[in-house]
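Note that the numbering used here gives residue 491 to position 437 of the sequence shown, counting from 1, and the numbers run on in steps of one.
Note that beta-carbon positions come from the ideal geometry of N, C-alpha and C, so glycine has one too.
No experiment lies behind these values; they were computed from the predicted model shown.
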Amino acid sequence: MKLLKNIAVAAVSLVALGSCTDLDETLYDKVGSDNYYNTKMDVIRATFRPFEHAFWSIGSRHVLNELTADQLITPTRDGWWYDGGKWERLHYHTWTVDDFGEAQTEWNGCFQGIMQCNLVIEDLSRFTPERFGFTDAEFNNLKAQCRALRAWFYLRLLDAFRNVPLVTTYSDKPSTPQVEPEKVFKFIEEELIDCTKLLVKKEALGTNAQLQGQWTQAAAASLLVRLYLNAEVYIGEDHYSDCAKVAEDILAGVYGAYQLADRWDAAFDWDNDKCDEVIFGFPGAKGYSHWHYDGDTYAWTVPAKAAVFFDDNKSGVGHNTKYAASPSYDLDGNLYEYELGMPVQNFRKYPGDYRMTCYRNLGNSRREGLFLYGYCEYTDKTTGTTKRLKAPEVDYELYLRDAVGTFHSLAPDKWPANKTSVLRTGDHNSGWHFVKYPFYDDADENQLESDYTEIRLPEIIYSLAECKMRAGDRNGAATLLNSVRRRNYPAENLDDVLYSPEGAVRFDENEMLAEWGREFFAESRRRIDLIRFGKFNTGRWWDKTPDSDNHTAIFPLTRTILDANPILQQNPGYGR
Numbered sequence: 055m056k057l058l059k060n061i062a063v064a065a066v067s068l069v070a071l072g073s074c075t076d077l078d079e080t081l082y083d084k085v086g087s088d089n090y091y092n093t094k095m096d097v098i099r100a101t102f103r104p105f106e107h108a109f110w111s112i113g114s115r116h117v118l119n120e121l122t123a124d125q126l127i128t129p130t131r132d133g134w135w136y137d138g139g140k141w142e143r144l145h146y147h148t149w150t151v152d153d154f155g156e157a158q159t160e161w162n163g164c165f166q167g168i169m170q171c172n173l174v175i176e177d178l179s180r181f182t183p184e185r186f187g188f189t190d191a192e193f194n195n196l197k198a199q200c201r202a203l204r205a206w207f208y209l210r211l212l213d214a215f216r217n218v219p220l221v222t223t224y225s226d227k228p229s230t231p232q233v234e235p236e237k238v239f240k241f242i243e244e245e246l247i248d249c250t251k252l253l254v255k256k257e258a259l260g261t262n263a264q265l266q267g268q269w270t271q272a273a274a275a276s277l278l279v280r281l282y283l284n285a286e287v288y289i290g291e292d293h294y295s296d297c298a299k300v301a302e303d304i305l306a307g308v309y310g311a312y313q314l315a316d317r318w319d320a321a322f323d324w325d326n327d328k329c330d331e332v333i334f335g336f337p338g339a340k341g342y343s344h345w346h347y348d349g350d351t352y353a354w355t356v357p358a359k360a361a362v363f364f365d366d367n368k369s370g371v372g373h374n375t376k377y378a379a380s381p382s383y384d385l386d387g388n389l390y391e392y393e394l395g396m397p398v399q400n401f402r403k404y405p406g407d408y409r410m411t412c413y414r415n416l417g418n419s420r421r422e423g424l425f426l427y428g429y430c431e432y433t434d435k436t437t438g439t440t441k442r443l444k445a446p447e448v449d450y451e452l453y454l455r456d457a458v459g460t461f462h463s464l465a466p467d468k469w470p471a472n473k474t475s476v477l478r479t480g481d482h483n484s485g486w487h488f489v490k491y492p493f494y495d496d497a498d499e500n501q502l503e504s505d506y507t508e509i510r511l512p513e514i515i516y517s518l519a520e521c522k523m524r525a526g527d528r529n530g531a532a533t534l535l536n537s538v539r540r541r542n543y544p545a546e547n548l549d550d551v552l553y554s555p556e557g558a559v560r561f562d563e564n565e566m567l568a569e570w571g572r573e574f575f576a577e578s579r580r581r582i583d584l585i586r587f588g589k590f591n592t593g594r595w596w597d598k599t600p601d602s603d604n605h606t607a608i609f610p611l612t613r614t615i616l617d618a619n620p621i622l623q624q625n626p627g628y629g630r
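Structure follows, in structure tokens:
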């Protein structure tokens, strides 16, 4: 596993930390043998080693939660991206126990991370703080780091598989049986509640960089918000009041000082380690780990030859066209009438949205826009002429459309004769692309410097808004959402785009789900939002009809997993 850059943070930055403890770096590093623990820094390195694995593991979750849902697609493009039908099976919810891809990677990756955490927790439990010059509070904070990370892994397993073994010691046998979801839920809940008392509290705005990459009180509390918001899905119990209470405490500063950024993209930009909107993030840097700039996450959200457009050939990212927005238009140019999907139209619904600006780099490590669409023009560095991106292997200029079909060199105002629009009939023009984390050019010193934002303040605001909506306080919910939404539009448009009573837009349950989709577009969560609103298995969106039942709300244990542990029981609806 790659060594992550040395991040300038105080790994045990508590108020009580004295000058004798000089810690200005957190290292996600490799842990050696049993006699590794000789110095204070050895303990810190060991504590944060599982965090590098955790950062690496985000890819499988992203695929499972986005390509099974209504906003992102991976269409076949002139023969590219069929891959034995694996992306179709995710889109159509027809995966089986023999699909050894992301579901198996998610299971294995989470349990590997859990065992790494268990090992560190057990190791630290054998030592006294005094042996290494820690105070009790500092040492408890370090142990709580791995406990919170372990809870994060278990929350992912509960979400994806529901019925999983509960392994809390490194010596637990590989043949550990599954437990009821309620037991896993309770374990996560108790661990996180305890961690909020042991972890560092971010005491002031402007101090995020000192804590980036560490679990804090607010970060652990935010995981409680996630757990409680989805409790009815996970264990059949309503915990919306618990969710609202924790969310209110976070927003009131009980767990630390945070505030919304004034730009929608600040939480994803190169200096997001200083962004007070970010509650927890995995540090990344060029030349070190940057797993969010990987193919399973955000590197492959653009045309295959996009390196000449961004002028970032030296970045080593390797762009590709895996992800695109699900289309809004059929092949006669008519707007679909689906309630779900159509994310571009969902953004387009409210005029002036800054995110709808076509993506471009502005220079000086700044960007504008979220989506890539139309012609992607760039200046040829050799000839100085303006050129347009082309498709790979097939010679036609790209004109990215909010539709899926075989367009090739058709003019922008023309539509193909073949009106079949399904996953298998796409080309490299099909679907708007997007750039969540910026692709700065090779001359920009902040290229690939963005950290990966796992939790940000709008998630807490939106969770509280949903709880208020479900409790009947729609005005309260709307006001919370507006507090975030107003940064996305010009001041002169606010009357027309904000929810009532502050604006003219009617707020209801459908709008709540739609707004989750706008604010958290492509942020690895759409599947669970659809499930929570009862839409994942019953909804219709582009090239997707309702499922015959809801067994695909959780994933199967693949055959390889079952063979490795014969006492495991398959999830309902799947064969062994």
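Buried/exposed call for residue i, threshold 16 Cβ in 10 Å
i	result
residue 607	buried
residue 626	exposed
residue 555	exposed
residue 623	exposed
residue 320	buried
residue 225	exposed
residue 435	exposed
residue 245	buried
residue 310	buried
residue 150	exposed
residue 289	buried
residue 618	exposed
Three-way DSSP call (helix, strand, coil) for residue i in this model
i	result
residue 355	coil
residue 631	Because the chain is modelled from 55 through 630, residue 631 falls outside the range shown and cannot be assessed.
residue 508	strand
residue 604	coil
residue 139	helix
residue 513	helix
residue 196	helix
residue 621	coil
residue 577	coil
residue 308	coil
residue 134	strand
residue 346	helix
residue 537	helix
residue 475	coil
residue 389	strand
residue 264	helix
residue 293	coil
Residue i versus residue j - alpha carbon distance
i	j	result
residue 568	residue 393	9 Å
residue 573	residue 283	17 Å
residue 511	residue 541	14 Å
residue 206	residue 458	37 Å
residue 398	residue 153	30 Å
residue 377	residue 121	8 Å
residue 379	residue 411	15 Å
residue 193	residue 266	18 Å
residue 277	residue 125	24 Å
residue 133	residue 461	14 Å
residue 516	residue 535	6 Å
residue 475	residue 259	49 Å
residue 590	residue 396	15 Å
residue 67	residue 97	Model confidence at residue 67 stands at a pLDDT of 38, short of 50, so the residue's coordinates are unreliable; what they give is reported in the following sentence. Approximately 15 Å between the Cα atoms of the pair.
residue 262	residue 113	25 Å
residue 441	residue 220	56 Å
residue 237	residue 215	14 Å
Residue range of the unbroken alpha helix (DSSP H) whose run includes residue i
i	result
residue 251	235-252
residue 432	That residue, residue 432, is in no alpha helix (DSSP H); its beta strand (DSSP E) goes 431-433.
residue 368	Run containing residue 368: none; DSSP gives neither H nor E here.
residue 165	156-179
residue 560	That residue, residue 560, is in no alpha helix (DSSP H); it is neither H nor E in DSSP.
residue 101	94-110
Host beta strand (DSSP E) of residue i (start-end)
i	result
residue 364	It is not in any beta strand (DSSP E) - residue 364 instead sits in the alpha helix (DSSP H) that spans 361-364.
residue 441	440-442
residue 416	414-417
residue 609	Neither: residue 609 is in no beta strand (DSSP E) and is coded neither H nor E.
Bridge-paired residues (DSSP) for residue i
i	result
residue 428	454
residue 595	598
residue 421	415
residue 116	In DSSP, residue 116 forms no bridge with anything.
residue 126	379
residue 332	510
Contact test: residue i Cβ vs the ligand MG heavy atom, cutoff 7 Å
i	result
residue 195	This structure does not include the ligand MG; it has no bound ligands of any sort.
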